[in-house]
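Sequential numbering from 125 applies to the sequence shown in our numbering.
We put the CB at the ideal spot given by N, CA and C, even for glycine.
Here the structure is laid out as structure tokens; the discussion comes afterwards.
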Amino acid sequence: MSFTTIEWTDDAVIMIDQRLLPTREVYVKCRTYQEVAEAIREMIIRGAPAIGVAAAMGIALGAKGIKAGTFEEFYREYERICDHLAGTRPTAVNLFWAVDRMKRFCLENKKAGIERLKVLIKEEALRIHKEDLEINRNIGKNGSPLIPNGARILTHCNAGGLATAGYGTALGVIRAAHEAGKEIEVFADETRPFLQGARLTAWELMKDHIPVTLITDNMAGYFMKKGMIDLVIVGADRIAANGDTANKIGTYSVAVLAREHNIPFYVAAPISTLDLSMKSGDEIPIEERNKREVTHVFETQIAPDGVKVLNPAFDVTPNRYIKAIITEKGVVEAPFDEGLKGIAGKG
Ligand code: MRU
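Listed below in structure tokens is the structure:
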């Protein structure tokens with residue numbers, strides 16, 4: 125891949141600014157954990173696995189600066205940093221998964237001594253980054269057989285290298301199919317209001333020379349009815365125990381349309397996106413974002429002053445619309461309860 129989503133240097137976390145793509149490739153340097161938290165909140169970095177990685181690196185950055193005489197003093201401050209990062213965005217469970225892993229790791233290594241512990245914490249954050257890349261390659265390997273040669277694939281939002289440490293989940297499957305020599309064509313929904321499809325998915329697929337056609341969100345049904353879409357594949361922000369899946373707003377509508385047209389609808393996500401503590405998607409918290417994302421496109425106002433606006437950033441696709449969930453440990457088909465539990469526990 126010809127870009128780096130997120131990178132650790134010893135005094136900072138560097139991220140490509142996803143708000144500015146595709147017209148400007150600017151790398152942002154976060155020197156404090158507060159700046160990393162702000163970058164997640166402001167969507168300089170976004171996408172469930174990527175914000176998990178960013179939070180882990182932010183915690184490592186924060187830990188470096190803690191001044192404490194005892195482990196108890198250290199951990200009190202460390203926990204505060206972890207909670208600050210966990211407070212940035214509510215829906216993608218990978219964020220909480222990463223924060224919990226970093227907390228657990230710290231407690232498990234309490235005997236190391238504070239200076240050594242800071243180094244170990246940094247290494248754990250880098251491990252989360254490295255593992256995510258491997259996980260995505262395995263999601264790609266497991267999902268690629270589901271993509272027939274010649275497939276025309278619709279995707280929504282960006283579940284690519286930009287949304288992860290690299291390679292991507294939904295786009296990882298697409299990349300793996302492309303690498304296997306299959307002739308595929310991707311249709312990217314533009315994904316209002318933040319335009320992850322138009323700005324990010326189109327950009328990263330074009331960089332990799334994977335054929336992509338951009339459509340606006342309201343065109344998906346038209347192309348399905350014309351027989352121009354063979355399958356849908358999307359990422360996920362949180363998957364409940366019954367397979368209900370939260371993903372970018374608009375995913376649910378695409379899933380319903382796919383069912384109407386007998387088109388298989390796949391979700392690709394790492395195990396860290398599963399939240400088996402939630403029985404169904406009804407329990408998943410949905411982030412409500414700034415009204416300005418709806419009333420403006422960049423600096424241009426497109427709605428009347430003072431208009432009432434709603435801006436939920438995610439919706440939940442009920443499990444009945446999902447043909448299979450592709451993970452790094454294998455593919456789970458409906459009914460999902462037993463399959464997801466089994467795969468989550470698989471070594
Ligand atoms: O608001 P975003 O851009 O963080 O939302 C991203 C998505 O909904 C992605 O589809 C999801 O996180 C999966 S990314 C591999």
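- Relative to the non-hydrogen atoms of the ligand MRU, the Cβ of K153 never comes closer than 7 Å to any of them.
- Distances from the CB of K372 to the heavy atoms of the ligand MRU include at least one below 7 Å.
- Under the three-state reduction of DSSP, F195 is assigned to helix.
- In this structure, P173 places its C-beta atom within 8 Å of the C-beta atom of A287.
- The C-beta distance from A180 to K153 rounds to 17 Å, too long to fall under 8 Å, and the pair is not in contact.
- The DSSP-derived three-state label of F422 is coil.
- Secondary structure of L145 (DSSP, three-state): coil.
- Not one heavy atom of the ligand MRU falls within 7 Å of the beta-carbon of V391.
- For D361, the shortest C-beta to heavy atom distance toward the ligand MRU is below 7 Å.
- The nearest non-hydrogen atom of the ligand MRU is 7 Å or more from the C-beta of G345.
- Annotated as distal: G405 and P436, with beta-carbon spacing of 8 Å or more.
- Shortest gap from the CB of G292 to any heavy atom of the ligand MRU: under 7 Å.
- Looking at the backbone, the Cα of T133 and that of R444 are separated by about 44 Å.
- Where D461 is concerned, the enclosing alpha helix (DSSP H) starts and stops at 460-469.
- In the displayed model, T397 falls within a helix according to three-state DSSP.
- 8 Å or more divides the Cβ of I373 from the Cβ of D313.
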